[in-house]
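Chemist:
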Amino acid sequence: MAATRGLFGSSLARKYWMALTGLFLSSFLIIHLIGNMPILFGDQEAFNLYAAFMTSFPPIKAVSYLLYGSILLHAIDGIFLMRQNKVARPEAYVSYNGKANATWASRNMGLLGIFTLLFLIIHMRSFWYEMHFGHVPTMDIEGAQVKDLYTMTIEAFHQLWYVILYVVCMIMLGFHLSHGMSSAFQTLGLNHPKYTPAIEKAGRYFAWIMALGFAIIPAYVYLQHLTA
Amino acid sequence: MNFTINVWRQSGPEAKGRIETYPVSGISDHMSFLEMIDVLNEQLINQDIEPVVFDHDCREGICGSCSMFINGEAHGPGRSITTCQLHMREFKDGETITIEPFRAKAFPIIKDLMVDRSSLDRIIQSGGFVSVNTAGKQPDANAIPIEKADADAAFDAATCIGCGACVATCKNASAMLFVGAKVSQFALLPQGKIEAEDRVLNMVNQMDLEGFGNCTNTGACEVECPKGISLETIARMNREFLSASLSSK
Ligand code: HEM
Ligand code: SF4
Ligand code: FES
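The listed protein sequences correspond, in order, to chains A and B.
In the working numbering, each residue carries its 1-based index in the first sequence increased by 8.
In the working numbering, each residue carries its 1-based index in the second sequence increased by 112.
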């Protein structure tokens, strides 16, 4: 008889959840970045229509619940794994040369994840909460009243501290994903000498394109505001 | 050569340990690291200090017992070697060298540098075997055809000596490289297929029960492993476990 600990019990099962939710969250980043692009072009209508579409189209709403669930599962599972890993070495080494054999990002996934979580809380409070439950002024687009998230976003990014917070957090996310992407493939058992080097490279590119893409938006809005 | 040795002294499993500093002199650059400790112990005995307890057996890189964390790395600097294969010429004359035991909840310290690695044995007992007759009348080695690439990969995995360097070096004290190797060496062979599902489920379960940490794929184990066991073996274990969990009865 084999010993089984179910879908959440074993270390490996917990890692599969980590990888699956991580990859799902990462796929959302692509959509989110593309949707935010109109801000860079100053296209108020396109951005507001995108935001309205994302909060009203039923299939997208369904996926968004999956997304909230994934964030929670990824964060709770991650914190649980971190705690377990701490317990696995009760007494620390006096001298530990971590950089001799592993990248900084891979050794600090928990810390980077917690930063990302804090960012998500601030970010969702600022925009998601306001959009869903707050009072966002509306604007008229071809006869329809649409919430003007665009103006709210631009105004938020006129504050220097807020822009710096975003840029720093995006660097954290870049590091988190620079290890996380290829790590997820390894966790799911997808390691092959032919493909793994390419997966690692693509993972790093993906991470830094996402980080750069999201960091540019607040930085650009702020710089434009300075020169205006 | 002369060195300053910072070494972990701990009188027993429950005792509180601490770093003690001793000078050691008259070391030849041809000596292995263990021979240097032999000399150190000789000098300590002459000063009426209890010698440093450490684990060793073959002194040629095959038994895996010379567990030591040297200057922040399992088996010290140098790649694909155990402590007994590390030579003093790798260090600078006059250098300070810090020596600690392998640290993990699943590797309790017995004394000084010696730890109890029997948790790895219990993982093997839980499934790291094949129930085929290997004693008595020997079966013909080529009776079952096996593809060369698979045979080679299985053999590579089987070279794991159970030294525990992967656990020691892992920031999470995870034993997944060891278990990956021990799952892989059978998973690739027809003889291993029969018990494959139970094997991976039971071994991973035992690994968890022993209190090892979880892999975050830092890859440190692969770098420090004296036998060059690859992360591919962990991925294979992950695949085997996933399919076994989904399909086991
Ligand atoms: C936009 C948000 C996030 C994305 C896209 C993301 C993505 C990923 C990916 C792809 C992995 C690799 C999975 C694996 O190694 O198998 C990962 C790992 C990890 N994440 Fe996240 N993550 C995010 C937020 C968070 C948050 C909020 C936490 C909170 C604590 C977190 C903690 C971790 C930890 C600890 C790991 C390492 C787990 C491991 O490798 O076993 N992440 N993440
Ligand atoms: S996988 Fe390598 S480091 Fe780990 S126990 Fe086996 S030989 Fe030692
Ligand atoms: S003493 Fe046997 S491997 Fe070092």
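Glycine included, every Cβ here is placed at the ideal spot set by N, Cα and C.
(1) Between the C-alpha atoms of Asn317(B) and Asn118(B), what's the straight-line distance to the nearest angstrom?
(2) Under 6 Å Cβ to Cβ from His233(A), same chain only, skipping five residues before and after it: list those, please.
(3) With a Cβ-Cβ cutoff of 8 Å, do Ile182(B) and Phe145(B) count as a contact?
(4) Under 8 Å, with one C-beta from each stretch per pair, do the stretch 138-146 of chain A and the stretch 191-200 of chain A reach the 3-pair mark?
(5) Which of the three DSSP states is assigned to Arg13(A) in this structure?
(6) Going residue by residue through the stretch 94-150 of chain A, where are the continuous beta strand (DSSP E) segments of at least 3 residues, counting only ones entirely within it?
(7) Tell me whether the stretch 15-33 of chain A and the stretch 201-218 of chain A touch, counting them as touching only if at least three CB pairs, one residue from each stretch, are closer than 8 Å.
(8) Quick one: which chain A residues come within Cβ less than 7 Å of Arg215(B)?
(9) Which bits of chain A does Lys283(B) rub up against, with CB to CB less than 7 Å?
(10) Can you name the residues of chain B whose CB is closer than 7 Å to the CB of Ala215(A)?
(11) What's the C-alpha gap between Asp141(B) and Tyr134(B)?
(12) Does the beta carbon of Ala347(B) come closer than 8 Å to any beta carbon on chain A?
(13) What are the boundary residues of the alpha helix (DSSP H) that Arg348(B) is part of?
(14) By the 10 Å Cβ neighbour count, where 16 or more other Cβ atoms means buried, how is His187(A) classified, buried or exposed?
(15) Taking the Cβ atom as the reference point for each residue, do Gly206(B) and Asn314(B) lie within a distance shorter than 8 Å?
(16) What in chain B is Cβ-close to Gln194(A), meaning under 8 Å?
(17) 8 Å is my cut-off, CB to CB: does Thr12(A) come that close to chain B?
(18) Do Lys184(A) and the ligand FES come close, with the Cβ less than 7 Å from some heavy atom?
(19) For a contact defined as C-beta to C-beta under 7 Å, what are the partners of Tyr24(A) on chain B?
(20) Is it the case that the CB of His199(B) approaches a heavy atom of the ligand FES more closely than 7 Å?
(21) Provide the residue span of the beta strand (DSSP E) that contains Pro135(B), from first to last.
(22) Less than 6 Å between C-beta atoms, sequence neighbours within five positions excluded: which residues of the same chain meet that for Glu362(B)?
(23) Work out the CA separation of Ala21(A) and Leu378(B) for me, nearest whole Å.
(24) Output needed in chain order: residues of the stretch 197-224 of chain A with a Cβ under 9 Å from some Cβ in chain B.
(25) At a CB distance below 8 Å, what residues from the stretch 63-92 of chain A approach chain B? Give them in sequence order.
(26) Kindly indicate which residue of Val244(B), Ser359(B), Met349(B) has the alpha-carbon position closest to the one of Leu198(A).
(27) Tell me the rounded alpha-carbon separation between His40(A) and Ser72(A).
Modeler: In short:
(1) Asn317(B) and Asn118(B): Cα-Cα distance of roughly 37 Å.
(2) For His233(A), where only same-chain residues beyond five positions count, the Cβ hits under 6 Å are His166.
(3) Cβ atoms of Ile182(B) and Phe145(B): closer than 8 Å.
(4) No contact exists between the stretch 138-146 of chain A and the stretch 191-200 of chain A.
(5) Look at Arg13(A) here: in three-state DSSP terms it is coil, with no helix or strand label.
(6) Counting only runs of 3 or more, we get 146-149.
(7) Under the Cβ criterion (8 Å, minimum of three pairs), the stretch 15-33 of chain A does not count as touching the stretch 201-218 of chain A.
(8) By Cβ distance, chain A contributes Arg97, Glu99, Tyr101.
(9) Identification of chain A residues near Lys283(B) by a Cβ-Cβ cut-off of 7 Å yields Gly106, Arg115, ordered along the chain.
(10) Result: empty, since nearest Cβ-Cβ is about 15 Å, beyond 7 Å.
(11) Straight-line Cα distance between these residues: approximately 19 Å.
(12) For Ala347(B), the answer is yes, since a Cβ of chain A falls inside 8 Å of its Cβ.
(13) Bounds of the alpha helix (DSSP H) holding Arg348(B) are 343-359.
(14) His187(A) comes out buried.
(15) No, they are not a contact pair.
(16) Simply Asn329, Leu343, Ile346, Ala347, Asn350.
(17) Output row for Thr12(A): interface = yes.
(18) In the sequence as presented, Lys is not what sits at residue 184(A); that position holds His. Not a single heavy atom of the ligand FES lies less than 7 Å from the C-beta of His184(A).
(19) Neighbours of Tyr24(A) in chain B, taken as residues at a C-beta separation under 7 Å, are given in chain order as Leu354.
(20) No, the Cβ of His199(B) stays beyond 7 Å of every heavy atom of the ligand FES.
(21) From DSSP, the beta strand (DSSP E) with Pro135(B) extends over 130-136.
(22) Since the displayed chain B opens at 113 and closes at 361, residue 362(B) lies outside it and no answer follows.
(23) No information on residue 378(B) is available, as it lies outside the stretch 113 to 361 that chain B covers here.
(24) Closer than 9 Å at the C-beta level to chain B, one finds these residues of the stretch 197-224 of chain A: Gly197, Leu198, Asn199, His200, Pro201, Thr204.
(25) Shown in chain order are the members of the stretch 63-92 of chain A whose Cβ falls below 8 Å from a Cβ of chain B: Leu89, Gln92.
(26) Ranking the options by Cα distance to Leu198(A), first place goes to Met349(B).
(27) So the two alpha carbons sit approximately 12 Å from each other.
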